Structures are given as structure tokens and as C-alpha cells.
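Enquirer: For the sequence shown, numbering that gives the first Met the number 0 begins at 0 and goes up steadily by one.
Beta carbons: idealized from backbone N, C-alpha and C, even for Gly.
The structure presented is a predicted model; accordingly, all values stated were derived computationally and were not measured.
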Amino acid sequence: MHHDDFKFEPVHGLPEALPEGEHILWQGAPTPMRLAKEAWKMNWVMGYFVVLAIWRAGVSSTSVPLATAMGHGIPLLIAGAVVCLVIYCLARVQAKSTVYTLTNKRVGMRIGAALTMTLNLPYVCIGNAALKTSKNGHGTISFELIGGTRFSYLMTWPHVRPWRISRSQPSFRAIPDAARVAAIFADAAETRVHAPKIERINSNQGATGTVAAE
């Protein structure tokens, strides 16, 4: 695992030049509006202010004409719109600073707006992946890590699977065409995990090498 907040990126989204034999299969980033809705719950926030506005108008209607009472709810709707605009701006900043990468050997995630963090997840450290998609094809791919590999939920939010706090799962959040990206990951991970490697042994043991599964 590699974390490097400040090193210049020789390759977009990655902290180091790709070693020989490794190549990028896909790169992408969250869709800002989708990230605002999924991670920041923007629709729920707006709904909350709408309910408050209806409640305020209902209370006022008992003492003033209905038209006047409805006007009493307008400030709450404006406040809700402002809050949603702030949420969208935050989500947009996060999306613009994020680069998700799939290579033939690992998952890469450059995340963080104020404090940049790069996560490198070799396929051999990923036990399972979960895909959640919406009707328009956007979705989230979450990676379940095996062994002792762990990341802070708070440090990596919103690029984690929701509510998996004790064993956080780094995730590609709100990406377009998520099913296609998941297929690319599955093919690359399958190939990498089962790829053979050569282990050299001492020639005085009577052999030049042996093939072992990685």
C-alpha cells in the first residue's frame, strides 16, 4: 500500500510512473450531481426544507389568509436551495480532485480536495467487489480488502461504501457506466490473481526455476 500526499504525479492520478508491464485500463471520476445525491444526500436535504416550508405555511394558515401563509414558507425553500447549492459545490470540488484508476495490476484512487491521498490496492489484496447501479447506469463499486489492510472511514469518505465503518471498503463512487467498469475490473483481477510467476532457486539445487501461482 502506498500513501503519498505531495509527490508530483508523473502519471495522471497516480503518484509514480507505471512500472514495466503495467498499463492503465480505465480512468474516471465521480459525477458531481450524482455524488451530491448519493454521498451528501442532497435530495433528502431539499425534502427536509420542503417539509418545513409546508409545516410553516400550515401553521400560519390558521391565523392569516392562505396566500399569505404560503409566502411564509418561501424563506425556508430559499434556505433549502442555498444549502443544496453549497452541497453541490462541495461535491463538485471532490469530484474534480478525484481520479479513479484501473490498471492490469491494481486499483488506484487519488482522492481528497484539501488533503490529497493516493491509495494503491493490488488485486491480490481485494477479496470481493460489490456493484450498486442506478437506472441511468451510474453506480458504485466497493472493494472488500483482505488480510490486515485497512483504511480510515473518515479519512477516505465519501470514497467508501456507506456504513461499513469498522472494515471500510474503498469505493469508486457515483461513476458513469459502472457495470462496464466493474467488468473491466473483474477481468483484470481474475487475470492478475491467477497469473503465473517464475521463482528462481539456487542453481546448485539442481534446477533453474519453478512456476508458482501468484
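Going along the chain, which residues of its own chain have a beta-carbon closer than 6 Å to the beta-carbon of E37, five neighbours each way excluded?
Expert: If you number the sequence shown from 1, residue 37 lands on position 38. Only A173 meet the Cβ criterion.
Enquirer: Do A56 and A68 count as a contact pair if the criterion is CB distance below 7 Å?
Expert: Within the sequence shown, numbered from 1, the residue matching residue 68 stands at position 69. Within the sequence shown, numbered from 1, the residue matching residue 56 stands at position 57. A contact, by the Cβ cut-off of 7 Å.
Enquirer: Could you check how far apart the C-beta atoms of V98 and Q26 are, in whole angstroms? I think they sit under 8 Å.
Expert: In the sequence shown, the residue the question calls residue 98 occupies position 99. In the sequence shown, the residue the question calls residue 26 occupies position 27. The Cβ separation is near 6 Å, so the contact holds.
Enquirer: Using C-beta distances below 8 Å, list every residue in its chain close to R179, excluding the 5 sequence neighbours before and after it, in chain order.
Expert: By 1-based counting over the sequence shown, the position of residue 179 is 180. Excluding residues within five positions, none has a Cβ falling inside 8 Å.
Enquirer: According to DSSP, simplified to helix, strand and coil, what is L13?
Expert: Here the question's residue 13 lines up with position 14 in the sequence shown. Residue state, collapsed to three classes: strand.
Enquirer: Out of A78, Y87 and P29, state which residue places its alpha-carbon closest to the alpha-carbon of W39.
Expert: Walking along the sequence shown from the start, residue 39 turns up at place 40. Looking at the Cα atoms, Y87 is the closest of the given residues.
Enquirer: Pick out whichever of G138, D176, F150 and A177 has its Cα sitting closest to the Cα of S167.
Expert: Translated into positions along the sequence shown, residue 167 becomes position 168. It is F150 whose Cα lies nearest to the Cα of S167.
Enquirer: With a Cβ-Cβ cutoff of 7 Å, do N119 and H22 count as a contact?
Expert: On the sequence shown, residue 119 is found 120 positions in, with the first residue counted as 1. On the sequence shown, residue 22 is found 23 positions in, with the first residue counted as 1. No, the pair does not count as a contact, with Cβ atoms beyond the cut-off.
Enquirer: Could you check which residue in S62, H71 and P31 has the C-alpha nearest to that of V49?
Expert: As a first step, residue 49 is located in the sequence shown; it is residue number 50 there, counting from the start. Cα-wise, what sits closest to V49 is H71.
Enquirer: What residue from T132, M154 and A128 has the CA that sits closest to L144's CA?
Expert: The residue you call residue 144 lines up with position 145 of the sequence shown. Among T132, M154 and A128, the Cα nearest to that of L144 is on A128.
Enquirer: By the three-class DSSP mapping on this structure, what secondary structure does K36 have?
Expert: Residue numbering aside, residue 36 sits at position 37 when the sequence shown is read from its first letter. Of the three classes helix, strand and coil, the one that applies to K36 here is helix, per DSSP.
Enquirer: Considering only the beta carbon of each residue, do A163 and G12 sit closer than 7 Å?
Expert: Translated into the one-based positions of the sequence shown, residue 163 becomes position 164. Translated into the one-based positions of the sequence shown, residue 12 becomes position 13. Checking the sequence, you will find Arg at residue 163 rather than Ala. Taking 7 Å as the Cβ cut-off, R163 and G12 do not qualify as a contacting pair.
Enquirer: Taking A94 and T30 to be in contact with their CB atoms under 8 Å, please state how far apart those CB atoms are, rounded to whole angstroms.
Expert: For the purposes of this step, residue 94 is taken as the residue at position 95 of the sequence shown. For the purposes of this step, residue 30 is taken as the residue at position 31 of the sequence shown. About 7 Å; that satisfies the 8 Å criterion.
Enquirer: Take the Cβ of H1 as the centre, count every other Cβ of all protein chains shown within 10 Å, and call the residue buried at 16 or more, exposed below.
Expert: Mapped onto the sequence shown, residue 1 falls at position 2. Summary for H1: the model assigns pLDDT 46, below 50, so the residue's position carries little reliability, and this model does not support an answer.
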